[in-house]
Amino acid sequence: MSNDKDNFNMSDLNAALNLEDRADLVNALKNKIQSLAGQHSDVLENLTPKVRKRVEFLKEIQARLCLFQCALILFKLFINLQSQHDELEAKFFEERAALEAKYQKLYQPLYTKRYEIVNGVVEAEGVADEAKTEEEEDKAAEEKGVPDFWLTAMKNNEVLADEISERDEGALKHLKDIKWTRIDNPKGFKLEFFFETNTYFKNAVLTKTYHMIDEDEPILEKAIGTEIEWYPGKCLTQKLLKKKPKKGSKNAKPITKTESCESFFNFFNPPQVPEDDEDIDEDAAEELQNQMEQDYDIGHQPDTRRVEEHKLQMVSRVSGLQNASNSKIVEFVVAGDVKCMRVVLGSLQC
Numbered sequence: 199m200s201n202d203k204d205n206f207n208m209s210d211l212n213a214a215l216n217l218e219d220r221a222d223l224v225n226a227l228k229n230k231i232q233s234l235a236g237q238h239s240d241v242l243e244n245l246t247p248k249v250r251k252r253v254e255f256l257k258e259i260q261a262r263l264c265l266f267q268c269a270l271i272l273f274k275l276f277i278n279l280q281s282q283h284d285e286l287e288a289k290f291f292e293e294r295a296a297l298e299a300k301y302q303k304l305y306q307p308l309y310t311k312r313y314e315i316v317n318g319v320v321e322a323e324g325v326a327d328e329a330k331t332e333e334e335e336d337k338a339a340e341e342k343g344v345p346d347f348w349l350t351a352m353k354n355n356e357v358l359a360d361e362i363s364e365r366d367e368g369a370l371k372h373l374k375d376i377k378w379t380r381i382d383n384p385k386g387f388k389l390e391f392f393f394e395t396n397t398y399f400k401n402a403v404l405t406k407t408y409h410m411i412d413e414d415e416p417i418l419e420k421a422i423g424t425e426i427e428w429y430p431g432k433c434l435t436q437k438l439l440k441k442k443p444k445k446g447s448k449n450a451k452p453i454t455k456t457e458s459c460e461s462f463f464n465f466f467n468p469p470q471v472p473e474d475d476e477d478i479d480e481d482a483a484e485e486l487q488n489q490m491e492q493d494y495d496i497g498h499q500p501d502t503r504r505v506e507e508h509k510l511q512m513v514s515r516v517s518g519l520q521n522a523s524n525s526k527i528v529e530f531v532v533a534g535d536v537k538c539m540r541v542v543l544g545s546l547q548c
């Protein structure tokens, strides 16, 4: 231990005291303070009233000094413990990131296999060997993969199901794959929705990127979505309203008006915080916050903040993909980062 009596060395104190010793130290300090009131009572009795009051006042000061010293020791102990905790937490985040990166590579062949089976690129093991009638063989030749796999999966999720309109389903039938990717500069994650050629929009991939201020304790800075290139008359985020002209109007043609409507594809046009936010009133700010929270909830459903809980899964029961228990755990997107979403989806019925 340090020989410098005027120097308070926190590491020396921690080395000398275990948890039980520290508790004893605190109790001893408390007892010392309480005993001050009863000390030297015989001496006080022989003092004049004025001197006695001065001594009593000094005793109060001494008691307060003891309390301050006790609080200081406890505070320094707390700071030291917090520092140790922060060091361990930083090491945990570092090792976790390395572990996730390792297993991300190991998972990739499984995701590739899933994509190939869902989209009919390859056949699931054992399916081709099953005996079929001529009618079943003709039907199997026409129907490859798992039709409407992603649409069904999304509709089986409570949050996503509320965002999907009946009009959206036609476009979502063309969804081939969904991928989650971590991004490092800036910190955050990216969702990619891969579509086959369709009659709704030109884009082959629709992307939603979330920029986070702090990856470990996430604060959403902003979200950026793909601008969808809709074919004429196919935009699912708007609808045309026709109104009859007023009586007596010179123009007898119906009035056509475009109006925004609910659609899952609004997900790719997230709410934005204006650069000059000083002019936003309280109601508008609250509405914007609610919209951003809802958008984040859709793309980043936090089931828990523990490492073990971060996977996107789908419980599927698919004809030709069933296992012995008639169900199969299939990764819904990608095993993700600690703040990625967890989606546990219901069964796919065929």
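If you use the numbering used here, the sequence shown corresponds to residues 199 to 548, in order. Beta carbons are placed, not taken as given, at the ideal position from N, Cα and C, and that holds for glycine.
Length of the line joining the Cα atoms of residue i and residue j
i: threonine 379; j: leucine 389; result: 7 Å
i: cysteine 459; j: proline 468; result: 14 Å
i: aspartate 284; j: phenylalanine 462; result: 41 Å
i: proline 247; j: glutamate 258; result: 17 Å
i: lysine 311; j: lysine 303; result: 14 Å
i: threonine 397; j: lysine 440; result: 24 Å
i: proline 345; j: threonine 395; result: 15 Å
i: leucine 256; j: leucine 265; result: 14 Å
i: lysine 442; j: aspartate 366; result: 28 Å
i: glycine 423; j: methionine 352; result: 19 Å
i: glutamate 287; j: glutamate 425; result: 39 Å
i: lysine 385; j: phenylalanine 466; result: 19 Å
i: phenylalanine 391; j: isoleucine 417; result: 24 Å
i: alanine 269; j: glutamate 419; result: 39 Å
i: isoleucine 556; j: phenylalanine 347; result: This structure cannot speak to residue 556, because the chain is shown only from 199 to 548.
i: serine 281; j: phenylalanine 387; result: 29 Å
i: lysine 300; j: isoleucine 381; result: 16 Å
i: histidine 372; j: tyrosine 305; result: 25 Å
i: glutamate 341; j: glutamate 293; result: 45 Å
i: lysine 251; j: leucine 263; result: 19 Å
i: cysteine 433; j: glutamate 364; result: 14 Å
i: asparagine 278; j: glutamine 470; result: 41 Å
i: asparagine 354; j: phenylalanine 393; result: 20 Å
i: isoleucine 271; j: glutamate 356; result: 52 Å
i: lysine 377; j: proline 307; result: 13 Å
i: glutamine 267; j: alanine 295; result: 42 Å
Boundaries (first-last residue) of the beta strand (DSSP E) holding residue i
i: phenylalanine 255; result: Phenylalanine 255 -> not in any beta strand (DSSP E); alpha helix (DSSP H) instead, spanning 247-316.
i: glycine 386; result: 385-393
i: lysine 437; result: 436-441
i: threonine 454; result: 453-458
First through last residue of the alpha helix (DSSP H) which encompasses residue i
i: valine 357; result: 356-361
i: leucine 370; result: 366-370
Close beta carbons around residue i, own chain, < 6 Å, minus the five adjacent residues each side
i: leucine 297; result: none
i: leucine 370; result: Leu349
i: glutamate 427; result: Phe399, Lys400, Asn401
i: asparagine 464; result: Thr435
i: leucine 358; result: Met352
i: aspartate 360; result: none
Other residues of its chain near residue i: CB distance less than 8 Å, five sequence neighbours each side excluded
i: tyrosine 313; result: Val319, Lys374, Asp375
i: glycine 343; result: Ile315, Val316, Asn317, Gly318, Val319
i: proline 452; result: Lys440, Lys441, Lys442, Pro443
i: glycine 368; result: Tyr398
i: tyrosine 429; result: Thr397, Tyr398, Phe399, Lys400
Residues sharing a beta bridge with residue i, DSSP
i: methionine 410; result: Leu418
i: leucine 349; result: Note: leucine 349 sits in no beta bridge, so no partner.
i: lysine 377; result: Glu390
i: glycine 423; result: Lys406
i: phenylalanine 399; result: Trp428
Cβ-based burial, residue i [other Cβ within 10 Å; buried from 16]
i: isoleucine 411; result: exposed
i: valine 316; result: buried
i: phenylalanine 276; result: exposed
i: leucine 404; result: buried
i: threonine 454; result: exposed
i: alanine 421; result: buried
i: glycine 431; result: exposed
i: serine 517; result: For serine 517, the predicted structure reports a pLDDT of 32, less than 50, and the residue's modelled location is therefore unreliable. A value from the coordinates is still provided. Exposed.
i: tyrosine 408; result: buried
i: phenylalanine 273; result: exposed
i: lysine 289; result: exposed
i: asparagine 383; result: exposed
i: lysine 406; result: buried
Beta-carbon contacts of residue i that lie in its chain and below 7 Å, excluding the five residues immediately before and after
i: threonine 456; result: Gln436, Leu438
Chain D contact for residue i (CB, 8 Å cutoff)
i: lysine 442; result: The structure shown contains no chain D; it holds only a single protein chain.
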